[in-house]
Each structure stands twice: as structure tokens, then as C-alpha cells.
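S.K.:
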Amino acid sequence: MARLADIGVKKFLIASAVRAIIAQRLVRKLCPVCKEPAILDEREMRMLNFDPVQEMNHTIYGPGGCEQCRNKGYKGRMGIFEILEVDDEVRHMINKNLTSPQLRKRARELGMRTLREDGIRKVQAGMTSASEVISVTMSDKD
Ligand SMILES: [Zn+2]
Numbered sequence: 002m003a004r005l006a007d008i009g010v011k012k013f014l015i016a017s018a019v020r021a022i023i024a025q026r027l028v029r030k031l032c033p034v035c036k037e038p039a040i041l042d043e044r045e046m047r048m049l050n051f052d053p054v055q056e057m058n059h060t061i062y063g064p065g066g067c068e069q070c071r072n073k074g075y076k077g078r079m080g081i082f083e084i085l086e087v088d089d090e091v092r093h094m095i096n097k098n099l100t101s102p103q104l105r106k107r108a109r110e111l112g113m114r115t116l117r118e119d120g121i122r123k124v125q126a127g128m129t130s131a132s133e134v135i136s137v138t139m140s141d142k143d
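Residues in the sequence shown are numbered consecutively from 2, following this note's numbering.
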């Protein structure tokens with residue numbers, strides 16, 4: 002949104018024309034042949050907001066190494082996403098000239114899942130590792 006305004010698109014046009022805004026980062030996918038159950042350290046738990054008790058329900062995986070992945074432990078990439086749907090309320094916020102942090106805060110209240118949260122779901126599903134998600138979402142505050 003801020004980018005569009007920066008390059009000179011009028012706010013009212015952004016508000017009326019944009020349907021959704023998607024942020025994406027790429028993470029490496031764990032090699033399915035050799036991924037191994039992993040135990041997160043304290044820092045990783047903290048950075049991903051993991052509740053140790055709740056995490057008993059998931060097996061978290063980390064990279065192994067095999068011929069299939071040339072010993073890298075990863076094979077291929079996938080996106081993690083953050084999607085802001087521009088509904089009437091968001092449209093109203095754009096027109097009121099709310100700043101990006103304000104908009105983000107409100108979008109969170111309305112249920113938007115952040116890049117990191119989407120990444121966490123994919124870590125819990127065993128598709129990628131905690132360190133991948135942490136490294137590509139380092140700059141996300143929440
Ligand atoms: Zn492998």
C-alpha cells in the first residue's frame with residue numbers, strides 16, 4: 002500500500018481498485034527422504050512463539066542429508082504468505098491515511114495471518130525447518 006502511494010498512485014484509487022495485498026517469502030523445503038525430527042532450542046522456540054506444551058502435538062523436522070538432496074537436507078522451495086484482503090474496513094483505513102503500522106495492527110485484529118505465522122504452520126506440518134522461517138521473517142515484528 003505504502004509502495005503504491007510512494008510511486009504516486011492516489012490513495013482513493015488504491016482503496017477502490019486493490020482487492021488484496023500479498024506478501025511472499027521463499028523458504029527451502031525439507032528433503033522428504035531424509036528430514037529428521039528436530040528439537041528446537043530456546044531461541045527458536047521464543048522467536049516462533051512456540052508454547053513447549055502445545056508443541057508436544059507436533060513433530061518438528063530439521064534437515065538431514067542424503068543422495069537425493071546432495072546432502073543439503075533441503076530440496077526445492079515454497080512460499081510463505083501474508084494476505085491482506087481489502088474489505089470495506091481496510092478501504093476506510095486507507096482513505097483515512099492510516100500509516101502502515103496502524104493498518105497492520107488493525108489487519109492483525111481482523112485476523113490476518115502474518116508471514117511468520119504462515120511459516121510456523123508449515124514448520125508444524127513438517128514442510129520446512131524453524132531456522133528457514135526465522136531467517137526469512139527476521140524483520141517481522143510480530
Ligand atoms: Zn535428502
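Cβ atoms here follow ideal geometry from the backbone N, Cα and C, with glycine treated the same way.
What you are looking at is a predicted structure, and each value in this text was computed from that prediction instead of being measured.
Assuming Gly80 and Leu27 are in contact, meaning their beta carbons sit under 8 Å apart, how far apart are those beta carbons, in whole angstroms?
M.R.: 6 Å
S.K.: Is Gly66 near ligand 1, judged by its Cβ being under 7 Å from some heavy atom?
M.R.: yes
S.K.: May I have the straight-line CA-CA distance separating Pro33 from Asn98, to the nearest angstrom?
M.R.: 46 Å
S.K.: Does any heavy atom of ligand 1 sit closer than 7 Å to the C-beta of Gly63?
M.R.: no
S.K.: Could you tell me which uninterrupted beta strand (DSSP E) segments, each at least 3 residues in length, are contained entirely in the region 12 to 100, listed from first to last along the chain?
M.R.: 21 to 31 and 75 to 86
S.K.: If distances are taken between C-alpha atoms only, which option among Val137, Ile22 and Lys76 comes closest to Asp88?
M.R.: Ile22
S.K.: Do you know how far the Cα of Ser17 is from the Cα of Arg92?
M.R.: 7 Å
S.K.: Could you pull out every unbroken alpha helix (DSSP H) segment of at least 4 residues lying fully inside the region 112 to 136, listed in chain order?
M.R.: 116 to 125
S.K.: Spatial neighbours of Ala108 within its chain, please: CB distance less than 6 Å, with the 5 preceding and 5 following residues excluded, ordered by chain position.
M.R.: Leu85
S.K.: For Arg78 versus Lys30, is the C-beta spacing smaller than 8 Å?
M.R.: Contact check for Arg78 against Lys30 passes: the beta carbons are separated by less than 8 Å.
S.K.: Straight-line CA distance for Cys70 to Lys76?
M.R.: 6 Å
S.K.: Let me know if Arg20 comes out buried or exposed under the rule of 16 or more other beta-carbons within 10 Å of its beta-carbon.
M.R.: exposed
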